[in-house]
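Below you'll find the structure, written out as structure tokens, and then a few comments.
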Amino acid sequence: MIQRAIHHQGHVIGGRYQVQQNIGSGGMSHVYLVDDLKLSGKQWAVKQCFLLQDQHNNIEDEAELLTTLSHPRLPRIVDFFPPDGSGDSYLVMDYIHGVTLEKYFLSHHRKLKSDFILQIAQQAIEVLEYLHKHDPPIVFRDLKPSNIMLTSNLELRLIDFGIARNYKQEQDQDTVKLGTVGFAAPEQYGSGQSDARSDLYGLGALLLYLVTEGAHSEWSEGVENRIRSDFPKGKIPILRKLLQIVPDDRYQSTDEVRFALFPTTQTREQNHNQSYREMKGIHLGTHVIAVMGVSSGVGTTHTAISVVHYLARLFKKVAIVELDEDSISFSRIQQIVEGTSIYTNKQDLQFSVEGVDYYRQATSAKVIELLSSGYNFIVLDMGSYVKSDRLDEFLRADIPLLVGWGSEWKLQDLEELIKSLMKYHQNKWVYCIPLAPLDAVKRLRKKISSTKVYTLPLHVDPFDRSGEMDKVLNKILHGYVPSLQKGKRFRFGVGSRSQ
1 MIQRAIHHQG HVIGGRYQVQ QNIGSGGMSH VYLVDDLKLS GKQWAVKQCF LLQDQHNNIE
61 DEAELLTTLS HPRLPRIVDF FPPDGSGDSY LVMDYIHGVT LEKYFLSHHR KLKSDFILQI
121 AQQAIEVLEY LHKHDPPIVF RDLKPSNIML TSNLELRLID FGIARNYKQE QDQDTVKLGT
181 VGFAAPEQYG SGQSDARSDL YGLGALLLYL VTEGAHSEWS EGVENRIRSD FPKGKIPILR
241 KLLQIVPDDR YQSTDEVRFA LFPTTQTREQ NHNQSYREMK GIHLGTHVIA VMGVSSGVGT
301 THTAISVVHY LARLFKKVAI VELDEDSISF SRIQQIVEGT SIYTNKQDLQ FSVEGVDYYR
361 QATSAKVIEL LSSGYNFIVL DMGSYVKSDR LDEFLRADIP LLVGWGSEWK LQDLEELIKS
421 LMKYHQNKWV YCIPLAPLDA VKRLRKKISS TKVYTLPLHV DPFDRSGEMD KVLNKILHGY
481 VPSLQKGKRF RFGVGSRSQ
């Protein structure tokens, strides 16, 4: 076990993140609450990892892994510092306000209501399903109470991906045996390779721990007698099957576990959609989509408006922010919506159109303010790429969406921009090429080694619904949105007003 001194309040990490307090420590890491000195008022969690020389790739793997993930029950990574001269590396990620499930459990004298425990199970299944269906599949491997955060709304968030790993089909056992004793599946200690079923064992261990008031996390003879009397008897065999020693004897997927625990739920897709319908009334954190064009006139604003109005048909509270201070696009939209004939020096920089809040000519400080305003989604219209501080907002977004030209002879503009930004992590970037032929999309996917290249169909009015555009956006925003739903239409016209 390696030890490092804890950074005290005032220490600045990476010339940007000022430590406010230590909020957690483990055998190989410290976690700090920090202020962002560049984005005033914004706070992050920074994980300081101290490993041996031959383990430095582990933390880089963790950073690489987190940048590919986009789910409301997972933190997003926003910055990474590789090992320095002392061997310390740093991950900068969302600071999740709340308490760990372990602390919540202890504060309630180890007695949680059965309904709440089943809610925890349902939320855990939701995020495990996302991880297991990632390409390649991701195994969390340490589903324990101290690695689960509960927000003020008692919503689950998984934290600490220090031992999560991609499943490798050709490998017959784990090269590194990791996991918390009592919660990790037997195969994590040498009997085989961990896979999705290892997480299902972890889920069973977690649930057994909660329903036995912390007394047990492994199935043993007589353990059912320690299970709380108010826990549904019919679900006890489910826990036992989850905790089978041999993976083939357990449930084989999150779908099977969900159906067993919640038999009244119909199909997996119906359950998936229901969880998102519930999200419309429960704020699970604000997600940011940044839309940036390779050059002026490529259709950045048009694309951003299409995205935000698609989201408005699915979620209660969404906003679009114009970060290009020289643009007059939102000013013109506001003029039409409010039915004015002259638009000069208007002080009201906010207006609404069909459930979407528009903020024109905003700053990064305004974005920070909106992040705590209860929005489900914020779409940033960043205009065309310029070498400025605006790039930070693009890099930090949950989904950075880069718009290129659809013309064959101008695809090179997109390729050159991607190449010029190679020093930044591009794992979660999405590339959109309006009206591009499929052959061009395939060539670009191969050239930049990314499957996240999409052609956008003709969409004359971005405020109106287009079935073809909805299909593409549904793919781009996979993991954030349910299947398509019918929505209202909005058309421009003199005197049209927001509702």
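Per the UniProt record's numbering, the sequence shown starts with residue 1, numbered consecutively. Every residue, glycine too, gets a C-beta built ideally from N, C-alpha and C.
- Straight-line measurement puts the Cα of residue 303 at about 19 Å from the Cα of residue 396.
- The residue among 155, 18 and 134 with its C-alpha nearest the C-alpha of residue 90 is 18.
- Taking a C-beta distance under 8 Å as the contact criterion, residue 391 and residue 323 do not qualify as a contact pair.
- Ranked by Cα distance from residue 255, the first of 146, 8, 129 and 198 is 129.
- Here residue 47 is bridged, per DSSP, to 31 and 91.
- Comparing alpha-carbon positions, the option among 49, 26, 13 and 25 lying closest to residue 34 turns out to be 13.
- Residue state for residue 105 is assigned as helix, using DSSP reduced to three classes.
- In the three-state scheme derived from DSSP, where H, G and I count as helix and E and B as strand, residue 417 is classed as helix.
- DSSP, read as helix, strand or coil, puts residue 237 in helix.
- Closest option to residue 107, judged by alpha-carbon separation, among 28, 195 and 214: 214.
- One thing to note: residue 424 has its Cβ no nearer than 8 Å to the Cβ of residue 450.
- With contacts defined as CB atoms closer than 8 Å, residue 402 and residue 429 qualify as a contacting pair.
- Per DSSP, residue 450 lies in no alpha helix (DSSP H) and is assigned neither H nor E.
- Within the stretch 363 to 406, the complete beta strand (DSSP E) segments at least 3 residues long are 377 to 384 and 399 to 403, listed from N- to C-terminus.
- In the structure shown, the three-state DSSP call for residue 462 is coil.
- By the beta-carbon neighbour count (other beta carbons within 10 angstroms, threshold 16), residue 382 is buried.
- Going by DSSP, residue 302 is part of the alpha helix (DSSP H) stretching over 300 to 312.
- In the same chain as residue 43, and ignoring 5 residues on each side of it, the C-beta atoms closer than 8 Å to its own belong to 20, 33, 34, 35, 36 and 95, in chain order.
- One thing to note: residue 317 has its Cβ no nearer than 8 Å to the Cβ of residue 404.
- If you draw a 10 Å sphere on the C-beta of residue 306, you find 16 or more other C-beta atoms in it, and that means buried.
- Here the alpha carbons of residue 25 and residue 233 stand approximately 38 Å from one another.
- With the rule of 3 Cβ pairs closer than 8 Å, the stretch 65 to 85 counts as touching the stretch 118 to 128.
- In terms of Cα proximity to residue 102, the closest of 157, 39 and 435 is 157.
- Put simply, of 121, 472, 435 and 262 the residue whose alpha carbon is nearest the alpha carbon of residue 199 is 121.
- Between residue 154 and residue 201, the C-beta spacing is not below 8 Å.
- The three-state reading of DSSP puts residue 352 in strand, counting E and B together.
- Residue pairing for residue 251: DSSP places it in no beta bridge.
- With a beta-carbon spacing of about 54 Å, residue 299 and residue 186 fall beyond the 8 Å limit used to define contacts.
- With a contact defined as Cβ atoms closer than 8 Å, residue 250 and residue 197 qualify at about 5 Å.
- As computed with DSSP, residue 99 is found in a beta bridge with 150.
- Going by DSSP, residue 322 is part of no alpha helix (DSSP H) but of the beta strand (DSSP E) stretching over 318 to 322.
- A distance below 6 Å between beta-carbons, with the five flanking residues on each side excluded, links residue 146 to the following residues of its chain, in chain order: 100 and 102.
- Partner residues in the beta bridge of residue 81, as assigned by DSSP, are 90.
- Here residue 321 is near residue 366, since their CB atoms are less than 8 Å apart.
- 46 is the residue among 29, 28, 41 and 46 whose C-alpha sits nearest the C-alpha of residue 11.
- Taking C-beta separations shorter than 7 Å and ignoring five residues to either side along the sequence, the partners of residue 325 in its chain run 361, following chain order.
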